[in-house]
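Residue numbers (my numbering), protein chains in the order written: chain A, 4 to 298; chain B, 4 to 298; chain C, 512 to 764; chain D, 512 to 764. Even glycine gets a Cβ: it sits at the ideal position worked out from N, Cα and C. A quick note: this is a predicted structure, and the numbers were derived from the prediction, not measured. The next block holds one structure in the form of structure tokens; read it before the comments.
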Amino acid sequence: MITLSPEPVMMGGVSARNHLVLAAGVLGTCASSLSRMLRSGAGAVVTKSIGPEPRFGHPGPCLVVLEDGLMNAMGLPNPSKQFQDELSALSGEPVIVSIFGGNPEQFHEVAGWFADKAQAFELNVSCPHASGFGAQIGTNPDIVKACTEAVKEWKKPAWVKLTPNVTDITSIGKAAEEGGADAIVAINTVRAMRISTGMRRPVLGNKYGGLSGKAIFPIAVRCVYELYEACSIPIIGCGGVSCAEDVIEMMMAGAQGVEIGSAIVRDPDIFSHICKDLYAPDGISPREIVGCAHG
Amino acid sequence: MITLSPEPVMMGGVSARNHLVLAAGVLGTCASSLSRMLRSGAGAVVTKSIGPEPRFGHPGPCLVVLEDGLMNAMGLPNPSKQFQDELSALSGEPVIVSIFGGNPEQFHEVAGWFADKAQAFELNVSCPHASGFGAQIGTNPDIVKACTEAVKEWKKPAWVKLTPNVTDITSIGKAAEEGGADAIVAINTVRAMRISTGMRRPVLGNKYGGLSGKAIFPIAVRCVYELYEACSIPIIGCGGVSCAEDVIEMMMAGAQGVEIGSAIVRDPDIFSHICKDLYAPDGISPREIVGCAHG
Amino acid sequence: MAEGLPVTVTITKVVKESPGVTTVFFDREFESCIGQFVMVWVEGTDEIPMALSYKNAITIQRVGDATTRLVAMKPGEKLGIRGPFGNGFRLHGKILAISGGAGTAPLLRVGLECPDVTFLMGARTADELIFHKMLTEKCDVRVATDDGSAGFHGYVAGLLDEISLDEYDTIVVCGPDPMMRSVLSVLQKRSSLEKSQFSMHRYMKCGVGVCGSCCMDPDGLCVCRDGPIFSGLSLQNSELGKYHRNAAGLKEK
Amino acid sequence: MAEGLPVTVTITKVVKESPGVTTVFFDREFESCIGQFVMVWVEGTDEIPMALSYKNAITIQRVGDATTRLVAMKPGEKLGIRGPFGNGFRLHGKILAISGGAGTAPLLRVGLECPDVTFLMGARTADELIFHKMLTEKCDVRVATDDGSAGFHGYVAGLLDEISLDEYDTIVVCGPDPMMRSVLSVLQKRSSLEKSQFSMHRYMKCGVGVCGSCCMDPDGLCVCRDGPIFSGLSLQNSELGKYHRNAAGLKEK
Ligand SMILES: Cc1cc2nc3c(=O)[nH]c(=O)nc-3n(C[C@H](O)[C@H](O)[C@H](O)COP(=O)(O)OP(=O)(O)OC[C@H]3O[C@@H](n4cnc5c(N)ncnc54)[C@H](O)[C@@H]3O)c2cc1C
Ligand SMILES: Cc1cc2nc3c(=O)[nH]c(=O)nc-3n(C[C@H](O)[C@H](O)[C@H](O)COP(=O)(O)OP(=O)(O)OC[C@H]3O[C@@H](n4cnc5c(N)ncnc54)[C@H](O)[C@@H]3O)c2cc1C
Ligand SMILES: Cc1cc2nc3c(=O)[nH]c(=O)nc-3n(C[C@H](O)[C@H](O)[C@H](O)COP(=O)(O)O)c2cc1C
Ligand SMILES: Cc1cc2nc3c(=O)[nH]c(=O)nc-3n(C[C@H](O)[C@H](O)[C@H](O)COP(=O)(O)O)c2cc1C
Ligand code: FES
Ligand code: FES
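Quick look at the structure:
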């Protein structure tokens, strides 16, 4: 297998300790769990998505574990502005604050709360199961561009996280790029549903949810590859990454780094385990492989 | 587990021997393999998609087996008009002819070749990896409607098979319904890619392919559920069905029956095995459960 | 980690344990370690964490929407169960069990299944004591009530004064946060933290260590996966008894 | 069924067996039954089915794009391998192997690994005989050439006249369709079909029994999965020697 040389990593304006980033919404609500992920080897962490008002999330069940992935509809629970307190405990760490809103003004407002503490922002325009937010605005290139511009007023690196639930993900990627995004994160979860045949009802409280984990890896690789052909800003691959080989594959598709979420369920120490396999003193430079599958 | 009473099945104008239909493109190029599937328990079979000209398909690799599914880019290889000979050998059998074209005229022409032999047509407006065909027209509601109308001129039942690679599958479902479709089949494969890290190239000859099998089951259930809320014609569920429980789940989401493709790889006798689990003399009527998850 | 969609179970028996507490039995036993919990789906309302009081039952204290629906359920009705989840107690030797209120439920199997158990049980009043009779037949039960209507008049931690902690190999504790913090303080003073295990409660959504809603300060451990059982030592400097986070992640006292 | 993405192998050695046939060795052995095949990915061109002539090699007859690129490859270059796929021969007792042209390659391991083999080998001319020397060291080899430049002058089926079929427990055959049909006819006449196994070739795209491109009439069996080895009995009334389908599914003679 290919190994990478351990070098300082700078991706999308964020200086990270390695190429592996904790994905938004996974153990991301408290400073203590975010620190834990950094200690266990994450190169940077993205927080739970923070919005304009506190939200308690959807009624349960909010998540089910499938054979090859997870399906969740958390409903964007978050402490809103009070998350400032958590962030204080993380000052100096590579923390990207995920934010969401229903329009550019809300994105601007929420970003403002964290402008002095975040290393960067990640715009969640892609959660597939919260009405009025996420993918409901992330399927419209004009709104995505406007939200990106609004957040960029704070002069911080801005990553825009895209939904795969669109006919053409590149049109959204290009909108983010035009809005001044420093990187694109692809992908958020894939809209999905399972039904309990015993209860004769959808298993998630919100009925619809988002599929993540291994099942969506081939979809995520495809999106990264498409975006690499269409856009010129850095891409962070996300979706089903669960081993070092997957990281290399995402990089070859065009990703500068990856985010990892669901794999935590099978292995809470996933970051240190992937690092062990991915890096070696005689490894090659990531530059050699990022996008190399485009030939 | 719920079992169904073995009753005569009529779905979307097709009288089938049970609720399980062989999906298009799977062992569907010769009369002999289609008969074999009927013998081994399929309630009806859909042929390989037939188009206006013979095609040899994409260069290989055309298919890879993944842990939880398949990824393929066959490229719609088909013998075109000569498929008439194969069909002759199947007269009287529950055979649905899958057809594709680049516009309504071509759909009309191809359907005409088989109008006296097919029990029904399935319009492939959803293959995600053949340029000018399939999903390239299946993402446009107006074209889908026009193609459906063109095929309906032959006065045969017409099923329209949809792609999940759209922002809103219900808009396409409604277009098919307006065009006079007798049923909607959901879903075709999900656009995907895997890269060989050893070769540093996408593994499929066509680079992009379609994901099928277990991995996409939650996506297919979601699409069926959405379509059931939006449309009033029958829905046939397709995507990742591999056991009797999956059939029940699809039905609860709103499907009258299911198509099965990739599961053949793990078990060539999948139809008879599912029948054994699905039907029982004291089983309930399918009417009791179709769409019941909508509460 | 148990996996998959919720398993559907049918309720077979409903037993009222006290005015506010009810046990619901179902038609399936879940192989589980004592201390593990399940996520209980009350269709149309919510999914909530519950200890398995028996392998085929949960014992519910009515506090809000989901628990209110649960205690009103009848035999024949259905629930969805995910799990069991979490780590469970490590039980050996002579055991001291200390419970407060509905916290007796997660410890019930300790009293019923282990050979040598002393059970200290607290409740607000005598009629809020649960499983008292059943446990008395199996082990040495001592009672405390806030109003003195049964046993010792005061908090359950007070019962510890009459206990020689050196005699015990394992100490297990479950109850409301303030009760557990005060027990923890006593055990700390009497140098018995090492052999103590506390069954923690935090807001849970996923049950499998991914959503982060049940994380505790300062270590960021997940109660659902790293717990719910924690050694007293590891809780000394924790948020226990000080605050917890609600469904939105907001700190509450 | 072997699974997954193509395994990348590096070519270690290239051996020219005859003017049109080349063996390519790689750095990995594939555990396989004799008769199984792999799908060989020649990046940028195509993926094609090939028997494993050795556990770590394929032997290629140059016929078109992919095979032309393959025979021109150099040590250090890479291939992608999926498989091994298919069923393989059932080999026991005294074995008669009958090959035509490049059909010797899939039978090579029969000659090298089985104890008691008689090998009938046909080719158009003497210099198109492959593996002749190597096999002669291991078994009783008899040769037929169309032009008489070596051995018997005529088709390999002609060699059967001098063979007492009753002596053999297993008969394995591989070669072009017309050659296999004529061998089948001889075996049928001499009531030896039961112990015969034929290695079939059909257009293959998936290799795992799903795409349908390799299906044979009249049973709809997949050569890739139900085969490539079929008993002579099951082929009697088949399309063998009459027609096959090309990549588009069109029948060709
Ligand atoms: C590991 C564990 C085991 C538990 N075992 C038992 C048990 O055996 N018997 C029992 O009666 N109770 C048990 N509980 C507590 C029980 O989960 C809550 O009482 C229940 O969730 C309340 O739900 P509700 O809808 O009735 O109340 P709500 O009105 O929704 O909330 C009332 C209060 O209950 C708590 N709560 C609500 N939802 C949750 C949730 N998803 N996760 C955690 N706490 C929540 C919160 O403190 C909330 O303020 C356990 C909790 C945990 C974490
Ligand atoms: C199970 C099996 C084992 C085989 N083993 C060997 C072997 O050990 N050595 C060897 O030299 N050849 C073997 N072949 C034949 C080999 O696959 C073809 O010669 C090769 O595919 C030709 O590819 P091409 O691109 O060079 O030729 P093309 O120009 O693409 O085609 C030339 C002819 O080759 C055949 N062919 C092409 N592609 C395929 C395909 N995907 N599947 C089957 N046939 C195809 C067709 O008859 C075609 O007309 C085997 C075939 C099968 C089915
Ligand atoms: C429990 C859970 C909560 C999530 N919450 C968020 C969120 O708040 N914001 C967001 O942008 N993505 C969220 N996601 C999506 C993940 O960040 C990620 O995009 C997705 O899970 C795919 O990556 P994975 O397969 O590695 O998990 C969540 C995912 C899960 C499983
Ligand atoms: C090898 C292969 C070939 C296919 N060919 C076609 C086709 O020609 N026309 C079509 O409409 N769908 C085609 N499909 C899609 C299937 O019919 C089906 O929609 C999809 O595979 C999802 O179902 P499954 O998960 O049961 O396989 C093909 C799928 C596979 C795996
Ligand atoms: S409940 Fe989700 S991490 Fe514990
Ligand atoms: S090659 Fe696809 S079925 Fe045999």
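Can you tell me which of the three DSSP states residue i falls into?
| i | result |
| --- | --- |
| Trp157 of chain B | coil |
| Gln85 of chain B | helix |
| Val697 of chain C | helix |
| Cys278 of chain A | helix |
| Leu214 of chain B | strand |
| Met715 of chain C | coil |
| Ala258 of chain A | coil |
| Pro205 of chain B | strand |
| Ser18 of chain A | strand |
| Lys494 of chain C | The structure shown does not extend to residue 494 of chain C, since chain C is modelled only from 512 through 764, so no value can be given for it. |
Shorter than 9 Å from the beta carbon of residue i to some beta carbon of chain B?
| i | result |
| --- | --- |
| Ala562 of chain D | no |
| Thr6 of chain A | no |
| Lys177 of chain A | no |
| Met255 of chain A | yes |
| Asn757 of chain D | yes |
| Met512 of chain D | Residue confidence for Met512 of chain D is low, a pLDDT of 33 falling below 50, so the modelled location carries little weight and cannot support an answer. |
| Ala296 of chain A | yes |
| Asp145 of chain A | no |
I believe residue i touches residue j by the beta-carbon criterion, under 8 Å. Please report the beta-carbon distance rounded to the nearest angstrom.
| i | j | result |
| --- | --- | --- |
| Pro617 of chain C | Cys685 of chain C | 5 Å |
| Cys650 of chain D | Phe630 of chain D | 5 Å |
| Gly586 of chain D | Lys524 of chain D | The sequence shown places Pro at residue 586 of chain D, not Gly. Contact flag correct, Cβ pair sits at about 6 Å. |
Can you check whether the C-beta of residue i is within less than 9 Å of a C-beta belonging to chain A?
| i | result |
| --- | --- |
| Leu23 of chain B | no |
| Glu558 of chain C | yes |
| Leu746 of chain C | no |
| Ser660 of chain C | no |
| Val652 of chain C | no |
Answer yes or no: does any C-beta atom of chain D fall closer than 9 Å to that of residue i?
| i | result |
| --- | --- |
| Asp88 of chain B | yes |
| Ala34 of chain B | yes |
Tell me whether residue i counts as near ligand 1, meaning its Cβ is closer than 8 Å to at least one heavy atom of that ligand.
| i | result |
| --- | --- |
| Ala583 of chain C | no |
Any heavy atom of ligand 2 closer than 8 Å to the CB of residue i?
| i | result |
| --- | --- |
| Tyr228 of chain A | no |
| Glu180 of chain A | no |
| Ile641 of chain D | no |
When you compare the CB of residue i with every CB in chain C, is at least one pair closer than 9 Å?
| i | result |
| --- | --- |
| Arg290 of chain A | no |
| Ile99 of chain A | no |
Would you check whether ligand 6 has a heavy atom nearer than 8 Å to the C-beta of residue i?
| i | result |
| --- | --- |
| Ser43 of chain B | no |
| Met711 of chain D | no |
| Cys726 of chain D | yes |
Going by the beta-carbon positions, is the gap between residue i and residue j smaller than 9 Å?
| i | j | result |
| --- | --- | --- |
| Val244 of chain A | Phe220 of chain A | yes |
| Val227 of chain A | Ile222 of chain B | no |
| Thr173 of chain A | Cys234 of chain A | yes |
| Ser43 of chain B | Pro271 of chain B | yes |
| Gln708 of chain C | Phe642 of chain C | no |
With respect to 8 Å, is the separation between the Cβ of residue i and the closest non-hydrogen atom of ligand 5 below this value?
| i | result |
| --- | --- |
| Leu30 of chain A | yes |
| Arg620 of chain D | no |
| Gly720 of chain C | yes |
Any chance the CB of residue i is under 8 Å from a heavy atom of ligand 3?
| i | result |
| --- | --- |
| Ser101 of chain A | yes |
Check whether the Cβ of residue i sits closer than 8 Å to any heavy atom of ligand 4, and report yes or no.
| i | result |
| --- | --- |
| Thr192 of chain B | yes |
| Glu262 of chain B | yes |
Open item on the list: Along the region 189–201 of chain B, where does the CB come closer than 7 Å to a CB of chain G? Name the residues.
Closed with: Included in the structure are the protein chains A, B, C and D, with no chain G among them.
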